[in-house]
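Report on the following structure.
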């Protein structure tokens, strides 16, 4: 039986989050065993934040949750692709549909930002 290899990267694996309908890569985040288990059990995407050192569910603050439709692992069992239905307009905390909106063009990185919500409004702290 295949077991996910959490040991290669110190307990974490990359999780590529992809739109189930059109294949667009929405984001990449990290999971540990607990968040992968939560994702598989709950049907929502859960991650481990390396900067905040905590667990989080996608959309817990913004409401832009993700319904898990399919989970795959690679040949080395050290990365997962999670195909989701994106609830709400955007997967990125910047308000963009995808976190991948910066493109290499003419020898420089060019931002093709098209926010679908205002992050300052969505993430304002009380």
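Numbering (our numbering), first residue to last: -7 to 118. Backbone N, C-alpha and C fix where the C-beta goes; we use that ideal spot for every residue, glycine too. This one's a predicted model, so the numbers in the text were calculated from it and none came from an experiment.
In whole angstroms, what is the alpha-carbon distance linking residue 118 and residue 111? The sequence position of residue 118 within the chain shown is 126, counting from 1. The sequence position of residue 111 within the chain shown is 119, counting from 1. Note that residue 118 has pLDDT 47, beneath the 50 cutoff, so the model's placement of it is unreliable and no number is given.
Would DSSP call residue 11 helix, strand or coil? As a working note, residue 11 is residue 19 in the chain shown. In the three-state scheme derived from DSSP, where H, G and I count as helix and E and B as strand, residue 11 is classed as strand.
Sub-8 Å separation of residue 79 and residue 99 beta-carbons: The sequence position of residue 79 within the chain shown is 87, counting from 1. The sequence position of residue 99 within the chain shown is 107, counting from 1. Note that the C-beta distance between residue 79 and residue 99 is not below 8 Å.
In whole angstroms, give me the CA-to-CA distance for residue 121 and residue 114. This structure cannot settle anything about residue 121, because the visible part of the chain is limited to -7 through 118.
Out of curiosity, what's the CA-to-CA distance linking residue 89 and residue 20? One-based indexing of the chain shown puts residue 89 at position 97. One-based indexing of the chain shown puts residue 20 at position 28. In a straight line, the C-alpha of residue 89 is about 13 Å away from that of residue 20.
Just mark residue 50 as buried or exposed, buried being the case when its beta carbon has 16 or more other beta carbons within 10 Å. Along the chain shown, read from residue 1 onward, the residue named residue 50 stands at position 58. Buried.
In terms of residues, what are the limits of the beta strand (DSSP E) holding residue 108? Looking up residue 108 in the chain shown gives position 116. No beta strand (DSSP E) contains residue 108, which DSSP labels as neither H nor E.
In chain order, which beta strand (DSSP E) runs of at least 3 residues are fully inside the stretch 54 to 88? Runs of the beta strand (DSSP E) inside the stretch 54 to 88: 58 to 65, 72 to 78.
Use the C-beta contact count for residue 15: other C-beta atoms within 10 angstroms, 16 or more gives buried, fewer gives exposed. Along the chain shown, read from residue 1 onward, the residue named residue 15 stands at position 23. So residue 15 counts as exposed.
Taking the beta strand (DSSP E) that residue 26 falls in, what are its first and last residues? Counting from one through the chain shown, the residue named residue 26 turns up at place 34. Counting along the chain, residue 26 falls outside any beta strand (DSSP E), though it belongs to the alpha helix (DSSP H) covering 25 to 34.
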